[in-house]
Structure formats: C-alpha cells, structure tokens
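A.B. asks: Attaching a single structure in structure tokens format; questions to follow.
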Amino acid sequence: MRKNLLIAGIILLVVGVVFVGTSLSLEDTSLHTSSILNFNSSTNEYYSSEINLNPSNELIVVSGDKYYLIPSSDLAISNSTNSVSFQIPPTSSFDGNQIYSALNGSYYLVSFASSPSISYAVTSTHSISIVYLGFLLLVGIALFISGIVISITGAMLKPKARTWEVK
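Spelled out as structure tokens, the structure:
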C-alpha cells in the first residue's frame with residue numbers, strides 16, 4: 021500500500037508538471053507584443069518593425085497618438101500628407117484600442133507624432149483558447165499538489181506490522 025501510494029503520487033506530480041509546462045508554452049506562443057518604434061529622420065516618421073499577419077492573426081493596437089497601419093510595400097512612399105490613403109482601417113475597436121483581423125501580408129505601424137506612444141500585440145485567433153489554457157494550467161497545478169501530498173503520505177506511512185503465528 022505504501023509503495024503504491026508513493027508511485028501514484030510521483031505519477032500525479034509528473035503529469036501535473038507536464039500539464040503546467042504545456043499550458044505555459046502554448047500560451048507564450050499565442051501572443052507577441054511590442055512597443056519599439058524606429059525613427060526615419062528624412063520623413064520625420066516613427067515606424068514599427070515589420071508586422072507579418074495572416075488571416076488567423078489579430079493585431080491589437082493601443083495608442084494615444086494618431087497612427088496608420090500601412091502595407092510594407094507602401095512604407096517607402098508614405099509621408100505625413102498621403103499616409104491616410106494607404107492606411108488599413110481597423111476591423112473593430114473597444115476602449116480606444118484598434119483591432120485588425122483577417123489581414124494577409126506585411127505591415128508597419130506609422131506615426132508622425134513627435135514622440136508617439138504605440139503598443140501592439142499580434143495574437144493567433146485559431147490557437148487554443150486562453151480559457152482552455154487556463155483550465156489546463158489549473159488542472160496541472162491541482163495534480164502537482166495532489167502528487168506532492170500523496171507522495172509524502174506514501175513515504176511517511178509505516179509498514180504494516182506483520183504478526184507471525186507460532187503453532
């Protein structure tokens with residue numbers, strides 16, 4: 021009994037670690053954020069690094085300044101007067117945050133403000149839902165804790181006292 025409890029506890033412990041590791045690694049690959057902008061002194065524009073999107077991605081932009089999402093092919097010819105004609109309109113917005121969905125290609129965020137504050141995140145819409153990842157994380161933590169408790173219980177149980185009958 022003691023040995024079986026110890027083995028069961030270790031198995032639960034390992035499964036819990038695998039669940040937690042899996043949920044954290046999948047969650048890490050589904051969201052990429054940045055707020056670094058480069059400056060082009062000849063056009064007085066700030067621009068992001070290249071953002072590669074496919075139809076299964078969403079781009080979420082948080083900015084207090086005016087900015088434009090411009091296809092990478094139009095970056096070289098855009099300036100403060102014609103950027104409006106190249107910009108991609110957002111699919112939706114909430115609380116001042118802009119969301120771009122179902123885009124395919126390479127894009128740049130461009131701003132002509134003196135010191136723009138722009139943050140953006142690219143998330144995969146087809147990846148495992150954050151709810152499922154959270155559930156997997158909670159189950160992994162519960163299994164890990166259960167494994168520790170059962171392993172300690174199995175290790176601390178005293179072996180059964182054997183009684184010998186003399187005839």
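Under our numbering, the first residue of the sequence shown is numbered 21, with each subsequent residue one higher.
Cβ coordinates follow ideal geometry from the N, Cα and C atoms, glycine included.
Here the structure is a predicted model, which means the values were calculated and not measured.
Strictly by DSSP, which residues pair up with Phe-132?
C.D. replies: To locate residue 132, count along the sequence shown from 1; it is residue 112. Per DSSP, none; premise fails for Phe-132.
A.B. asks: Please classify Asn-77: does DSSP put it in a helix, a strand, or coil?
C.D. replies: For the purposes of this step, residue 77 is taken as residue 57 along the sequence shown, with counting starting at 1. In this structure, Asn-77 counts as strand in the three-state DSSP scheme.
A.B. asks: CB Ser-54 to CB Tyr-87, shorter than 8 Å?
C.D. replies: Stepping through the sequence shown from its first residue, residue 54 is reached at position 34. Stepping through the sequence shown from its first residue, residue 87 is reached at position 67. Contact: no.
A.B. asks: When you compare only the Cα positions, how much space is there between Leu-89 and Thr-143?
C.D. replies: Residue numbering aside, residue 89 sits at position 69 when the sequence shown is read from its first letter. Residue numbering aside, residue 143 sits at position 123 when the sequence shown is read from its first letter. Roughly 16 Å between the two C-alpha positions.
A.B. asks: Please list the terminal residues of the continuous alpha helix (DSSP H) segment that includes Ala-175.
C.D. replies: Taking the sequence shown and counting its residues from 1, the one referred to as residue 175 is at position 155. Its alpha helix (DSSP H) spans residues 150–176.
A.B. asks: Go through its chain and collect everything with a Cβ distance to Ser-139's Cβ below 6 Å, but skip five positions before and after it.
C.D. replies: To locate residue 139, count along the sequence shown from 1; it is residue 119. If we look at Ser-139 and ignore the five residues flanking it on each side, its Cβ neighbours are Ser-55 and Val-82.
A.B. asks: How many whole angstroms separate the CB atoms of Ser-62 and Ser-92, which I take to be in contact at a CB cut-off of 8 Å?
C.D. replies: Residue numbering aside, residue 62 sits at position 42 when the sequence shown is read from its first letter. Residue numbering aside, residue 92 sits at position 72 when the sequence shown is read from its first letter. Actually they do not touch by this definition, with Cβ atoms about 18 Å apart.
A.B. asks: DSSP three-state label for Leu-95, please.
C.D. replies: Your numbering for residue 95 matches position 75 in the sequence shown. The answer is coil: DSSP assigns Leu-95 none of H, G, I, E or B.
A.B. asks: Cβ atoms of Asn-117 and Ile-80: under 8 Å apart, would you say?
C.D. replies: Along the sequence shown, one-based indexing puts residue 80 at 60. Along the sequence shown, one-based indexing puts residue 117 at 97. Closer than 8 Å, so yes.
A.B. asks: So Ser-100 and Phe-106 are in contact, right, with Cβ under 8 Å, and what is the actual spacing, rounded?
C.D. replies: Counting from 1 along the sequence shown, the entry for residue 100 is found at position 80. Counting from 1 along the sequence shown, the entry for residue 106 is found at position 86. Wrong, their Cβ atoms sit about 12 Å apart, outside the cutoff.
A.B. asks: Buried or exposed: Asn-58, going by 16 or more other Cβ atoms within 10 Å of its Cβ?
C.D. replies: Here residue 58 corresponds to residue number 38 of the sequence shown, with the count starting at 1. It counts as exposed.
A.B. asks: Measuring straight from C-alpha to C-alpha, what distance separates Leu-156 and Phe-164?
C.D. replies: In the sequence shown, residue 156 corresponds to position 136, counting from 1. In the sequence shown, residue 164 corresponds to position 144, counting from 1. Taking the straight line joining both Cα atoms gives about 12 Å.
A.B. asks: How would you write the range of the alpha helix (DSSP H) that Ser-61 sits in, first residue to last?
C.D. replies: By one-based count along the sequence shown, residue 61 stands at place 41. First-last for Ser-61: undefined, no H or E at that position.
A.B. asks: Would you tell me roughly how many angstroms separate the C-alpha atoms of Ala-162 and Ile-108, rounded to the nearest one?
C.D. replies: Here residue 162 corresponds to residue number 142 of the sequence shown, with the count starting at 1. Here residue 108 corresponds to residue number 88 of the sequence shown, with the count starting at 1. Roughly 45 Å between the two C-alpha positions.
A.B. asks: Just to confirm, are Gly-29 and Gly-167 a CB contact at a threshold of 8 Å?
C.D. replies: For the purposes of this step, residue 29 is taken as the residue at position 9 of the sequence shown. For the purposes of this step, residue 167 is taken as the residue at position 147 of the sequence shown. Cβ distance < 8 Å, so Gly-29 and Gly-167 count as in contact.
A.B. asks: Return the CA-CA distance between Asp-94 and Ser-103, expressed in angstroms with no decimal places.
C.D. replies: As a working note, residue 94 is residue 74 in the sequence shown. As a working note, residue 103 is residue 83 in the sequence shown. Rounded to whole angstroms, Asp-94 to Ser-103 spans 9 Å at the Cα level.
A.B. asks: Just the Cα atoms here: how many angstroms apart are Leu-26 and Gly-154?
C.D. replies: Taking the sequence shown and counting its residues from 1, the one referred to as residue 26 is at position 6. Taking the sequence shown and counting its residues from 1, the one referred to as residue 154 is at position 134. Going by the C-alpha atoms only, they are around 28 Å apart.
A.B. asks: Output yes or no for whether 8 Å exceeds the beta carbon distance between Gly-160 and Ser-43.
C.D. replies: Here residue 160 refers to the residue found at position 140 when the sequence shown is read from its first residue. Here residue 43 refers to the residue found at position 23 when the sequence shown is read from its first residue. Yes, the pair counts as a contact, with Cβ atoms nearer than the cut-off.
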